[in-house]
């Protein structure tokens with residue numbers, strides 16, 4: 013099977029996964045908490061309309077405050093080449109195309125990289141599938157975090173490092189610069205920080221592993237450092253304005269409390285085995301620590317098993333990726349480890365919250381280890397592994413049957429656990445994204461059903477994989493058939509988990525006109541203000557109505573303070589030409 017055949021296969025898998033939005037080009041990727049709905053679509057739509065009407069590029073975003081610079085906003089995608097599509101075709105479909113493109117690239121680059129470091133075709137393909145459809149990526153797509161798609165370039169950067177180490181040609185350092193620059197202008201700055209950290213560690217370890225380069229460590233390291241600097245220069249047209257905007261942001265000089273928000277609680281590690289243990293936003297049953305997508309860590313039961321097997325394979329990359337997985341996990345735990353106090357003192361790490369976002373790279377590391385694991389299985393006799401899997405499968409069957417009989421007892425226990433989390437303030441009952449205590453308790457039985465379903469799926473997968481391994485060991489099947497069926501199992505598992513995160517809805521259904529919009533349109537020349545910030549400002553912005561909104565990253569700290577002061581001195585709103593006050597409780601103006 014040639015490389016382009018693999019590329020076509022990965023593209024086919026991606027198309028099947030995103031079949032619904034791909035076959036409905038007039039619909040927008042949707043979830044109730046999607047940043048695409050809240051922010052990105054309105055901005056890209058405005059870019060499209062301005063270009064179609066005037067032939068000019070959008071430089072100013074009037075939808076927030078008294079206007080913010082679109083050039084200073086790292087989430088405007090003014091400079092990222094694939095987003096040029098939004099100037100010529102309707103933005104709703106642009107989001108679908110770009111998501112498909114980057115998921116495909118994540119798989120393709122992972123495949124090419126793992127082939128370079130010694131994996132055979134099918135193990136490399138399996139590693140690619142695990143990363144591109146990992147739970148972390150899919151859950152962030154549910155949240156509309158289109159700014160994280162640049163993670164697709166990380167395995168390509170690793171590939172270019174390998175080419176440079178092998179051939180020592182300047183061409184590969186220049187390509188490294190170009191790809192890094194592309195990643196910088198495509199992604200959230202926090203993702204660039206995390207990706208660069210891991211790529212940098214990778215480079216240092218690989219240099220130390222290569223004896224020929226270790227003796228001349230200064231020259232290759234200087235060349236790669238120059239490549240990074242050159243990448244920064246190439247992306248300066250994006251980097252400098254974004255930095256200027258960040259310096260004015262309300263998120264400058266963050267506190268440790270802010271920096272440690274969305275740390276991965278140790279209790280959430282159980283979702284490696286049962287992804288629905290804390291429910292899921294797709295069924296409105298999530299009862300874990302806020303919020304779901306930041307804390308997502310699921311990579312699949314079989315991939316996790318294969319990654320553990322990968323630790324036993326002799327390879328100079330084995331402990332490198334094990335170390336990366338461990339490091340990213342420690343950083344993701346954030347405030348739950350004393351090390352995070354030290355980490356936040358480092359440049360860059362003292363700017364961003366949500367340390368669990370680094371789990372993107374945990375997914376990549378475990379995917380590579382899983383590739384090592386499946387190759388180890390086909391290269392060696394695995395009698396001990398077969399015994400271990402047989403025991404685990406039997407225990408999984410017993411646990412699943414036992415849990416189904418204990419459903420009433422587990423339901424009562426779950427309700428008590430939910431009440432404890434409400435009492436501790438972990439589950440919000442007031443404010444944004446809050447639910448009533450009754451809501452949480454009533455959903456315990458549904459969450460339990462989802463957990464039992466996780467257990468059933470895991471048990472079936474373990475039994476099937478154990479049977480496959482037995483057939484391979486006893487020469488009842490070929491290695492190619494074993495790998496093919498394993499790949500099908502992986503795809504089925506990841507698709508079952510990930511597809512519910514992907515939804516699309518018609519534009520007019522998402523941005524439906526309500527009584528508030530109708531009233532505001534009667535005097536569209538004045539601003540409106542919701543003191544509670546509960547009314548969906550993005551809906552008003554869709555109709556080009558000016559509403560006080562401080563939700564964008566580019567909103568200045570001074571403006572936020574002004575609005576906060578206006579809550580105590582309403583006359584300050586007159587200076588902002590506010591003509592309407594929205595009463596969210598009664599949904600009226």
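Numbering (the working numbering), first residue to last: 13 to 601.
Ideal Cβ placement from N, Cα and C applies to all residues, glycine included.
Model, not experiment: these values are computed from the prediction.
{"Check": "C-alpha gap between residue 382 and residue 198, whole angstroms", "Outcome": "28 Å"}
{"Check": "Residue 539, enclosing beta strand (DSSP E) - first and last residue", "Outcome": "539-541"}
{"Check": "Selected residue, minimal CA-CA separation from residue 404, among 360, 430, 472, 148", "Outcome": "472"}
{"Check": "Proximity winner among 573, 550, 138, 575, relative to residue 622 (alpha-carbon distances)", "Outcome": "As shown, the chain starts at 13 and ends at 601. That puts residue 622 outside it, with no answer to give."}
{"Check": "Exposed unless 16 or more other CB atoms sit within 10 angstroms - verdict on residue 273", "Outcome": "buried"}
{"Check": "CA nearest to the CA of residue 208, picked from 229, 162, 33", "Outcome": "162"}
{"Check": "One or two residues paired with residue 81 in a DSSP bridge", "Outcome": "72"}
{"Check": "Where residue 454 falls: helix, strand or coil (DSSP)", "Outcome": "helix"}
{"Check": "Inter-residue Cα distance where the pair is residue 307 and residue 153", "Outcome": "13 Å"}
{"Check": "Spatial neighbours of residue 15 in its chain, beta-carbon cut-off 6 Å, leaving aside the 5 residues before and after", "Outcome": "none"}
{"Check": "Enclosing beta strand (DSSP E) for residue 40 [first to last residue]", "Outcome": "39-41"}
{"Check": "Option in 134, 65, 130 with minimal Cα separation from residue 100", "Outcome": "65"}
{"Check": "Which listed residue (166, 130, 391, 90) has its alpha carbon closest to that of residue 115", "Outcome": "166"}
{"Check": "Beta bridge counterpart(s) of residue 559 as assigned by DSSP", "Outcome": "540"}
{"Check": "Residue environment, residue 538, which counts as buried when at least 16 other CB atoms sit within 10 Å", "Outcome": "exposed"}
{"Check": "Host alpha helix (DSSP H) of residue 19 (start-end)", "Outcome": "15-29"}
{"Check": "Enclosing beta strand (DSSP E) for residue 499 [first to last residue]", "Outcome": "Here residue 499 belongs to no beta strand (DSSP E); instead the alpha helix (DSSP H) covers 491-510."}
{"Check": "C-alpha distance - residue 150 paired with residue 21, whole-angstrom precision", "Outcome": "20 Å"}
{"Check": "Residue environment, residue 387, which counts as buried when at least 16 other CB atoms sit within 10 Å", "Outcome": "buried"}
{"Check": "Under the three-state DSSP convention, the category residue 517 falls into", "Outcome": "strand"}
{"Check": "Sub-7 Å separation of residue 282 and residue 378 beta-carbons", "Outcome": "no"}
{"Check": "Own chain partners of residue 347 with C-beta closer than 6 Å, once the 5 adjacent residues on each side are dropped", "Outcome": "272, 275"}
{"Check": "Spatial distance of residue 603 from residue 173 (CA atoms)", "Outcome": "With the chain running from 13 to 601 in the structure shown, residue 603 is simply not present."}
{"Check": "Where residue 528 sits in the DSSP three-state scheme", "Outcome": "helix"}
{"Check": "Completely contained alpha helix (DSSP H) runs for the segment 147-200, where each covers 4 or more residues", "Outcome": "147-154, 166-179, 182-198"}
{"Check": "Local conformation of residue 346 per DSSP, three classes", "Outcome": "helix"}
{"Check": "Spatially closest choice to residue 533 from 545, 210, 556, by CA coordinates", "Outcome": "556"}
{"Check": "For residue 322, the first and last residue of its enclosing beta strand (DSSP E)", "Outcome": "Unbroken run through residue 322 is the alpha helix (DSSP H), 313-322; no beta strand (DSSP E)."}
{"Check": "Rounded Cβ spacing between residue 639 and residue 328 (contact assumed at less than 8 Å)", "Outcome": "Limits of the chain in this structure are 13 at one end and 601 at the other, which puts residue 639 out of reach."}
{"Check": "C-alpha gap between residue 496 and residue 490, whole angstroms", "Outcome": "10 Å"}
{"Check": "Residues near residue 340 in its chain [Cβ-Cβ closer than 6 Å; skip 5 each side]", "Outcome": "370, 373, 374"}
{"Check": "Three-state class that DSSP yields for residue 62 in the structure shown", "Outcome": "helix"}
{"Check": "Short Cβ contact (7 Å threshold) for residue 516 with residue 39", "Outcome": "yes"}
{"Check": "Whether residue 343 touches residue 367 by CB criterion (7 Å)", "Outcome": "yes"}
{"Check": "Boundaries of the alpha helix (DSSP H) in which residue 593 is found, first to last residue", "Outcome": "Note, residue 593: premise wrong, no alpha helix (DSSP H); beta strand (DSSP E) at 590-593."}
{"Check": "Of the listed residues 326, 158, 74, 147, nearest to residue 106 (C-alpha basis)", "Outcome": "158"}
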